[in-house]
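Colleague:
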Amino acid sequence: MLSVNHLSKTYAAGDKALDDVTFTIPSGQVVGLIGPSGAGKSTLIRCINRLVEPTSGSIQLGDTTITGLSTSELRAVRRRIGMIFQEYALVERLTVMENVLSGRLGYVSFWRSFFRKFPAEDVQKAFALLARVGLTDHANKRADALSGGQRQRVGIARALEQDPQLLLIDEPTASLDPKTSRQVMRLLLEMCNERGLPAIINIHDVVLARQFTERIIGLQAGKIVFDGPPSELDESVLTRIYGEEDWKTLEHDSEAA
Amino acid sequence: MMTTPVWQHRTSRANIVLWVGWLFLVALFVFCWQVMTKDTIWAFVADAPEQAADLGSRMFPPRWSYLDKLWVPLWDTMNIATLGTLLGVIIAVPIAFLAASNTTPSTLFVRPVALFIIVASRSINSLIWALLLVSIIGPGLLAGIVAIGLRSIGFVAKLLYEAIEETEKIQIEAVTATGASGAQILNYGIVPQILPAFYGISVFRWDINIRESTILGLVGAGGIGVQLQASLNTLAWPQVTMIFVVILGTVVISEWVSAKVRHAII
Amino acid sequence: MVDKISSFPKTWKRPPVFFESAPLRYSLYALALLWFVLAIGTVDVNWSRVAEGMDRGWRFVKGFLTPDFTSRWKDISAGLIESLTMTLTSTVVGIVLAVPIGIGAARNIAPKAVYYVCRSIIALSRSLQEIIIAILFVAMFGFGPFAGFLTLSFATIGFMSKLLAEDIEDIDESQTEAIRATGSSWLQLINYAVQPQVMPRLIGLSLYRLDINFRESAVIGIVGAGGIGATLNTAIDRYEFDSAGAILLIIIFIVMITEYSSGYVRRWVQ
Ligand SMILES: Nc1ncnc2c1ncn2[C@@H]1O[C@H](COP(=O)(O)OP(=O)(O)OP(=O)(O)O)[C@@H](O)[C@H]1O
Ligand SMILES: [Mg+2]
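Protein chains in written order, with our numbering: chain A, 2 to 258; chain B, 339 to 604; chain C, 5 to 274.
1) Any beta-carbon of chain B closer than 8 Å to the one on residue 92/A?
2) Curious, which full-length beta strand (DSSP E) runs of at least 3 residues does the stretch 187-219 of chain A contain?
3) In terms of residues, what are the limits of the alpha helix (DSSP H) holding residue 150/A?
4) Any Cβ of chain A within less than 8 Å of the Cβ of residue 530/B?
5) When the cut-off is 8 Å and only beta carbons count, does residue 229/A lie next to chain E?
6) Answer yes or no: do residue 164/C and residue 213/C have a C-beta to C-beta separation smaller than 8 Å?
7) DSSP on residue 6/C, reduced to helix/strand/coil?
8) If the cut-off is 7 Å on Cβ atoms, which residues from the stretch 40-56 of chain C count as contacting chain B, listed in chain order?
9) In chain order, what residues of the same chain have a beta carbon less than 7 Å from the beta carbon of residue 434/B, not counting five sequence neighbours either side?
10) By how many angstroms is the C-alpha of residue 73/A removed from the C-alpha of residue 10/A?
11) Straight-line CA distance for residue 195/C to residue 180/C?
12) How close, in whole Å, do the beta carbons of residue 20/A and residue 224/A come, if the pair is a contact with beta carbons under 8 Å?
13) For residue 507/B, is the beta carbon positioned less than 7 Å from some heavy atom of ligand 2?
14) Check whether the Cβ of residue 42/A sits closer than 7 Å to any heavy atom of ligand 2, and report yes or no.
15) Leaving out five residues on either side along the sequence, give the residues of the same chain with a beta carbon under 6 Å from the beta carbon of residue 207/C.
16) State the CB to CB distance for the pair residue 9/C and residue 129/A, rounded to an integer number of angstroms; the pair is presumed to be in contact (CB under 8 Å).
17) Let me know the alpha helix (DSSP H) ranges lying completely inside the stretch 420-487 of chain B, each 4 residues or longer, listed in chain order.
18) If you follow the beta strand (DSSP E) that residue 62/A is part of, which residue opens it and which one closes it?
19) Quick one: does the C-beta of residue 16/A sit closer than 7 Å to a heavy atom of ligand 1?
20) Which word fits residue 493/B, buried or exposed, when buried means at least 16 other C-beta atoms lie within 10 angstroms of its C-beta?
21) Residue 235/A by DSSP, collapsed to three states: which one?
22) Less than 7 Å separating the Cβ of residue 171/A from some heavy atom of ligand 2?
23) What does the alpha-carbon distance come out to for the pair residue 126/A and residue 61/A?
24) Please state whether DSSP places residue 238/C in a helix, a strand or coil.
25) Give every residue of the same chain whose Cβ lies closer than 6 Å to the Cβ of residue 137/A, excluding the five residues on either side of it in the sequence, and list them in chain order.
26) Looking at ligand 1, does it come within less than 7 Å of residue 39/A, judged from the CB to the closest heavy atom?
27) If contact means a Cβ-Cβ distance below 9 Å, which residues of the stretch 494-510 of chain B contact chain A?
28) Is residue 57/C a contact residue of ligand 1, with contact defined as CB to any heavy atom under 7 Å?
29) Measuring CA to CA, which of 248/C, 105/C, 89/C and 46/C is closest to residue 413/B?
30) Please work out which residues of its chain come closer than 7 Å, Cβ to Cβ, to residue 460/B, disregarding the five sequence neighbours upstream and downstream, and give them in chain order.
31) Interface residues of chain B around residue 146/C at Cβ under 7 Å?
32) Is it a yes or a no for the stretch 192-202 of chain A touching the stretch 104-115 of chain A, going by three-plus beta-carbon pairs under 8 Å?
33) Using the C-alpha atoms, what's the distance from residue 96/A back to residue 191/C?
34) Considering only the beta carbon of each residue, do residue 468/B and residue 458/B sit closer than 8 Å?
35) Can you list the residues of chain C that residue 555/B reaches, using a CB-CB cut of under 9 Å?
36) Following the continuous alpha helix (DSSP H) through residue 4/A, name the residue where it begins and the one where it ends.
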């Protein structure tokens, strides 16, 4: 379970990216985070594993308070949180397998990781995950030799290799075509459901968000302006989040999809 | 040259500054020229074509038989360059990480020190390092190797720290997000990104070092330059030519090898 | 999970990055090791001389940290003036000569015959090192900064015209085409299409070369071509490490200044 209390973030430049954000995610729930560009979605996600240092407020994962941990404690909690990025963020010049195994870095000693001698269970898990995302044959390829959809699946495998208790997913489909986007979203959902894994998916595509998540949080200028099931996400709510626009066409898309 | 229409988009004030700048450069040039040549004996300069012809006639043909005596110095030269490069690279790597703004432990104290080491090493030519080292530890290969190493530190560290600063942040963040330690982030997030640059820089420096190590012998730091110095002292010009030919051949070959290797890496 | 996890391999080895064939790889390692042992073996070091030198080395470090600018200031300033004037004049002359040669060595705008002549000049200038050129020029023109000036000018020609030629070969063809289509002369082509595209980088490279020439000017004095190198050579020969330290610090300081200001000018030009 994740709970975020009164979280605020002001960047050094003075941008108030998050303003008193509070919500709770019970285990197994997949939440879609939507909002216009610059609303603070990425900032929120990055505050949770403290890639971005929050200015005030607290974050709790299970019974660990993430805000205020020392560096070594922070490492221990980061390995419990898997993260998936928009630009895949694979280490391009490492092999696919090394990228997946890097999910175990928080668990193994430096020398083990340096010589790529990971424990047998870790290697087996990595192979199993690669099989699950359909990339068994690509294990020894370099990450930059893969297509976008394949890279994102490696990113998913890396995050799950961590055995996470929470997934943070920042625009997983923004760099992918519509078909691959749906495949990747479906895969993510299946993975979360198989493991009862809670997740925050930060997503631009309202149609995808509606289709794949069970709860939606709308962010606007750093504040939560909507928090409810996708069915309540009507025209007036969309206008509140994104501003005036002809939302009818969107409804249409959604039915077509 | 600067009055082309392309430059007219500058304001007239900028134009004036430009003209004053060029005028200043010309004046500076004339001034420097006069200071520099105030002790030049122009008779010697006028005499130069004759001297050149004379030198030419004495230099040719090269003394081919001297080649036999050059193999060992050549081997030494290659070793000075290669071992020196190794030494330089080994020291340069940690300095580069201390100098790169995204990996340095402290921007206030450590980074300036690392940057000073880099600029000091780069400012001083390997021949000067060799001069110093010969005077300190005595003539021989060791002085040459250390001189090449000291000069290489700045070159390699500068290019490497620039490569480190250009690494993609998101790849490093992704490794950080798995809970990796500092050393693991270095190993998985940063090193793979800079490895090609690292190999390229090292081979490039090795190529330059081959060139530089051919002349270190002039000040007694070993290699083929020792023979060059001896031949110059005895005015044995045909031998000097022979040495030039060997140096030229070595340089061309090393340049070719380095270009091939760098091409294969990138 | 599709399969049971225990059915997957327990180990994984990263495929080798270079030389996939293992025998080839190992023989290359062995060869490298053999070379290393042999090379170290031929470096015969006179350890007692080195030990003796530690004391001098320490004096050098002290001299570097507490430099003595005053006792040899006359020699230092004379050498410095020679170096600086030599640097500036040779850079200017070198660049002025490098521009036509660089244009001539650009395949896309020069006629074939001119191209080969210019490329040979570049090859000649680049394959000979400054020190070797300096030796020859000193033999021809006598000792002093004039030989040094010629050396650095010659080296500048090779360096600048090669880079300039590469720049011109890389320029945007569509712009040259557009100007050509207006029926302009060759000179107009250079003036309108080539110059604006390569000018900023040319200025940047010139400043870079100025920096290199200064550093080289500190070296060629060793073979008699004038400049601060001769002063430095004398100081080191006399074991006056505090004066040597002062000279080195001045060199480092000037290089830092040129580097800093050239970065500034380059930003201003672009
Ligand atoms: N590293 C940073 N330094 C300073 N300001 C930042 C930084 N990152 C983000 N911001 C600012 O914080 C605000 C929120 O940015 P954030 O990236 O969280 O938005 P987002 O909702 O993810 O947008 P997008 O949909 O475009 O990804 C923006 O105003 C942005 O300019
Ligand atoms: Mg974002």
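By construction, the Cβ of each residue, glycine as well, lies at the ideal position given by its N, Cα and C atoms.
Modeller: The short version:
1) Output row for residue 92/A: interface = yes.
2) As far as the stretch 187-219 of chain A is concerned, its whole beta strand (DSSP E) runs of at least 3 residues are 200-203.
3) Per DSSP, the continuous alpha helix (DSSP H) segment holding residue 150/A begins and ends at 149-162.
4) Output row for residue 530/B: interface = yes.
5) Within the model displayed, chain E is absent; protein chains A, B and C are what it includes.
6) It is a contact, given that the beta carbons lie within the stated cut-off.
7) Residue confidence is low: residue 6/C scores 48 on pLDDT, short of 50, so the model does not pin down where it sits. No coordinate-derived value is stated.
8) For the stretch 40-56 of chain C, which is checked against every Cβ of chain B, the residues closer than 7 Å are 43, 46, 47, 49, 50, 53 and 54.
9) Answer for residue 434/B: 495, 498, 499 and 502, listed in chain order.
10) C-alpha separation (whole angstroms): 23 Å.
11) Straight-line Cα distance between these residues: approximately 11 Å.
12) At roughly 5 Å, the Cβ-Cβ gap stays under 8 Å, so residue 20/A and residue 224/A are in contact.
13) No, ligand 2 has no heavy atom inside 7 Å of this Cβ.
14) The beta carbon of residue 42/A sits closer than 7 Å to at least one heavy atom of ligand 2.
15) Excluding sequence neighbours, residue 207/C sits near 273.
16) Rounded, the Cβ-Cβ distance is 5 Å, consistent with contact.
17) The stretch 420-487 of chain B contains these whole alpha helix (DSSP H) runs: 448-461 and 464-475.
18) Where residue 62/A is concerned, the enclosing beta strand (DSSP E) stretches over 57-62.
19) Residue 16/A: yes, Cβ under 7 Å from ligand 1.
20) So residue 493/B counts as buried.
21) Residue 235/A carries a coil assignment under DSSP once its states are collapsed to helix, strand and coil.
22) Annotation for residue 171/A indicates a beta carbon within 7 Å of some heavy atom of ligand 2.
23) Their Cα atoms are separated by approximately 28 Å.
24) When secondary structure is reduced to three states using DSSP, residue 238/C falls in the helix class.
25) The residues are 131.
26) It does: the Cβ of residue 39/A is within 7 Å (strictly closer) of some heavy atom of ligand 1.
27) Taking a C-beta cut-off of 9 Å against chain A, the contacting residues of the stretch 494-510 of chain B are 506, 508, 509 and 510, listed in chain order.
28) Not so, every heavy atom of ligand 1 lies at least 7 Å from the Cβ.
29) With distances taken between CA atoms, residue 413/B lies nearest to 46/C out of 248/C, 105/C, 89/C and 46/C.
30) Short of 7 Å from the beta carbon of residue 460/B, and not among the five residues preceding or following it, lie these beta carbons of its own chain, in chain order: 492, 493 and 496.
31) By Cβ distance, chain B contributes 379 and 382.
32) Proximity of the stretch 192-202 of chain A to the stretch 104-115 of chain A falls short of the contact definition, fewer than three beta-carbon pairs being nearer than 8 Å.
33) Roughly 53 Å between the two C-alpha positions.
34) One thing to note: residue 468/B has its Cβ no nearer than 8 Å to the Cβ of residue 458/B.
35) The premise fails here: residue 555/B is roughly 11 Å from chain C at the closest Cβ pair, so nothing lies under 9 Å.
36) Run containing residue 4/A: none in the alpha helix (DSSP H); it sits in the beta strand (DSSP E), 3-11.
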